[in-house]
Structure formats: structure tokens, C-alpha cells
Amino acid sequence: MGKLIYLDHAATTPVHPKVLEAMLPYFSERFGNPSSVYTIAQEARQAVEAARTQVAEVLGCTPREVTFTSGGTESDNIAVKAVAFAQQKLGNHIITSTIEHHAVLETAHALEKMGFQVTFVPVDKYGVVNPDDVGRAITDKTTLVSIMLANNEVGTIEPISDIAKVIKERAKGRKIAFHTDAVQGAGSLDLNVDKLGVDMLSLSSHKFYGPKGVGVLYIRRGSPFQTWQHGGTQERNRRAGTENVPGIVGTGVALKIAEENRPAFVKHCTFLRDRLIAGITKIERAYLTGHPTQRLANNASFYFEFIEGESILLNLDFEGVAASSGSACTSASLEPSHVIMGMGIPVEVAHGSIRFTLGLGNTQEEIDFVASIIPGIVSRLRAMSPLTSEKR
């Protein structure tokens, strides 16, 4: 096999060389526990706090409002559960959307089993949440709204600031916390929490060229919060456990680099994305999923009638191309994507979905190569599919 053409950056990204360089000392000569008082430990503590400041500068918040976690899943879990239980005496109603990441959806379902009420607002055919639907769902028992910033499967960007305004209007002086899963937004979108109007925001380091196993949870000062993980006093009593110092250091550097490179990243990926979309949508009965323009710069997602997305992926892999059939967390599932289904795409074609997510390392030559081989792959698979003759 020749050089890998990696088009699955929404699943994970390689660690940036500068990030790895910053992390390495904290695996060896600066290995101290940040909770201890001697010099080597305080060096680790200073590194953690420096990373916290780097994250805060990107989010436009204070370092005290930044909590480090083990990843986006934990950040989402903590955000939803911490608010739900902290506000339980005031209300037990939560609002989210039908296309959230499973880290939010499964947490919401778990809370339903504990007596909470959850409203799952729908999306339109492009995967967009209507702010007015969120407003209509708010009751006097609503304590939390969680809507993702950008969808991980189809790339649709949600109108988060408009939703925030609706929540504030409908809250009528009550505190309704607003959380956004911004895991796919880092490096592509402005993450300033005041501009977004959110009280909580989740990130995952390995989505923006940082290490796996590290996440960020922004918690606006004064937000209702009940500690979920107990033990020591780390992370201002919000999340017990010895800090992952190398990972945290890497996260701070990675987010800083991602924000500095954001204009170049968006320009580069938008050009390649649109070139790929133009090439693939020329194929008969191949359709773009997600919003045509209100989408992440690096996301190009499609569905193909009469064939399975997994079959396309296997053929692409044989050609040295790595892509995805949707969320990496559900790629082993035989069930069609809940995102695709939530957008109203029929179940009989929902299995034919595929996602390409680009990065700074991708080139026009790679995109042109992929666009050139997809028609042949689709044609061969359709020729073998009994659905083709049945539907035509």
C-alpha cells in the first residue's frame, strides 16, 4: 500500500509536532505530582496552570472557569449531570436535540431512568435546530439545555448564539444553564463563550491535534454545579484525581496553535471540501448530507442509494484512503446513524452514508484522487446490489 490518504480527522487527529515536544519533558524529568509541594511537583503545577491560561485565552474566559477532564465524553457527562442534580429541587426538565453525540444522548437517557424529563427537539433536513423549537420546549421546570455547536457526522453548524438568546428570553429571570458540545468546533469556529452565550462548553484534545485522553469543560462562574467525581480537591473540587500533566500541557499548546491557525485551516479545508463535494455529487443518486453552506470547513458527508457505506469504506481502505461511515463511536454498530435518521433520510438509504473530514495535511492531489475512484467503487457495488434492480 502507498501513502495513506487520511480523511477522518473528525474521528481523531495526529499529535502536532510542537505539541509532542511540549509534552515530552512531563513524562520524564518533570514527572512530579502537581498536588505536592516540592520543586519538581510545583513545576508540574505551573505547567498545568499555564495550559489552563492558554485554554482560557481561546475561550475568552478566566482560567478558574476551565476544568480538565479525560475527554469530550467525560466533559459532556459532567456538564449534563452536574447541572441536572444541582438544580433538581428547582426542576427536572432537560432539553437537547435528536442529533447530539451519544455522550449527551446516553447521559440524557440515563437521567430519564432516574426520574428526569427530557425533551429531544427535532432538526430540519439539513440537521439544523430551530431556536424557536428550543424556546417552545422550555417549561417552568427546565434547568438545562444542551445543543452541540457543530455535528460530528454531517458537519452542520448550529445557531448557538440565537438559541442562547431564546433561552434567556424564555427563562424570565430563572437560571437555565446552556451547555454546548463544541468538540468538533476547535480550530474551525470561534469558541468565545460570551459570543456563543453558553454557560458550559466541552472540548476533546485529540480532535485538534492534541493527545487522546484529555478534555476541557468550561464552566461559567456562578453556574449550578454538583461535583460528580469525588476524591481529592483537584480542579477546584470539580473533578477529583491526579492531573494528566503531559496531556494537559499538550492540550493547552494544541488549542493555542489551532486558534492561531484557524483562518488558514478554514481557507485550506473549505477549498478542498468544496472540490470533493463537487466531484462526488456528480455521481448519480449520491447526495450531500448536512447544511450546504452552514457546515464545518473540513466536513463533506454523503449518502449513496442502493449500497452500504461500510462497503465503500472497505474499498477505499484497499486504495489507501481512510474515511468513516459516521461517528467513530458508533462505526461498529449495525444500526443506521441516528443523525441521518433524525434528518428524515429514509432508513433504506441511511446505511449508505459516508463522511470525509479533512485536515491541514491533505492536498488537492489527494482529494482529486479520491473523487476519481469513488465513481468506480460505487458502480461496482451497485452492480452487485440486489437493491439496484429493485429500485430502478
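Per our numbering, the very first residue in the sequence shown carries number 208; after that it's consecutive.
Ideal Cβ placement from N, Cα and C applies to all residues, glycine included.
Bounding residues of the alpha helix (DSSP H) (the contiguous stretch that carries residue i)
i       : result
Leu-588 : 571-591
Ser-518 : 516-525
Arg-480 : 469-487
Ile-370 : 367-378
Val-546 : 545-549
Glu-512 : Segment: none, Glu-512 is in no alpha helix (DSSP H) and carries neither H nor E.
7 Å Cβ cutoff met for residue i and residue j
i       : j       : result
Phe-298 : Thr-350 : Note that residue 298 is Gly in the sequence shown here, rather than Phe. Their beta carbons are under 7 Å apart, which means Gly-298 touches Thr-350 by this criterion.
Val-287 : Val-273 : no
Leu-408 : Thr-434 : no
Leu-403 : Ser-368 : yes
Ile-177 : Ile-581 : With the chain running from 208 to 599 in the structure shown, residue 177 is simply not present.
Phe-525 : Gly-559 : no
Gly-497 : Gly-392 : no
Gly-362 : Asn-569 : no
Tyr-213 : Val-456 : no
Val-311 : Asp-283 : yes
Glu-365 : Val-336 : yes
Val-328 : Ala-317 : no
Ser-412 : Val-390 : no
Ala-289 : Phe-432 : yes
Closest Cα partner of residue i within the set the options
i       : options                               : result
Thr-623 : Leu-479, Ser-579, Phe-415 and Ile-455 : Absent from the structure is residue 623, since the part of the chain shown begins at 208 and ends at 599.
Val-528 : Asn-505, Phe-563 and Gly-459          : Phe-563
Phe-509 : Ile-561, Gly-459, Lys-463 and Glu-555 : Ile-561
Val-226 : Phe-432, Ala-461, Val-330 and Asp-283 : Ala-461
Ala-471 : Ser-518, Ser-412, Gly-394 and Glu-517 : Gly-394
Leu-448 : Leu-211, Ser-282 and Gly-439          : According to the sequence provided, residue 448 is Gly. The question's Leu does not apply to it. Of the listed residues, the one whose Cα sits closest to Gly-448 is Gly-439.
Glu-307 : Ile-574, Ala-557, Asp-339 and Val-352 : Val-352
Arg-446 : Ala-229, Glu-281 and Ala-557          : Glu-281
Ala-257 : Pro-593, Val-452, Val-373 and Pro-499 : Val-452
Gly-420 : Glu-450, Phe-323 and Ile-354          : Glu-450
Glu-491 : Arg-443, Gly-429 and Arg-589          : Arg-589
Ile-302 : Val-405, Lys-296, Asp-340 and Pro-270 : Asp-340
Local conformation of residue i per DSSP, three classes
i       : result
Pro-224 : helix
Ser-411 : strand
His-386 : strand
Asn-506 : strand
Lys-210 : coil
Ala-229 : helix
Ala-344 : helix
Ile-561 : strand
Thr-219 : coil
Ala-530 : coil
Thr-537 : A caution first: Thr-537 carries a pLDDT of 49, below 50, which makes its placement in the model unreliable, though a value can still be read off. Thr-537 falls in the helix class under three-state DSSP.
Glu-466 : helix
Ser-596 : Summary for Ser-596: the model assigns pLDDT 48, below 50, so the residue's position carries little reliability, and this model does not support an answer.
Phe-234 : helix
Glu-542 : coil
Span of the beta strand (DSSP E) around residue i
i       : result
Val-361 : Unbroken run through Val-361: none, as it is neither H nor E.
Ala-493 : 493-496
Met-349 : Per the sequence presented here, residue 349 reads as Thr, with Met not at that position. Note, Thr-349: beta strand (DSSP E), 349-353.
Unbroken stretches of the beta strand (DSSP E), 3 residues or longer, contained in the stretch 241-303 | 273-276
Starting from the N-terminal side, write out each stretch of the alpha helix (DSSP H) that is 4 residues or longer and does not extend beyond the stretch 300-338.
-> 309-320
Entirely enclosed alpha helix (DSSP H) segments - the stretch 386-462, minimum 4 residues | 400-403
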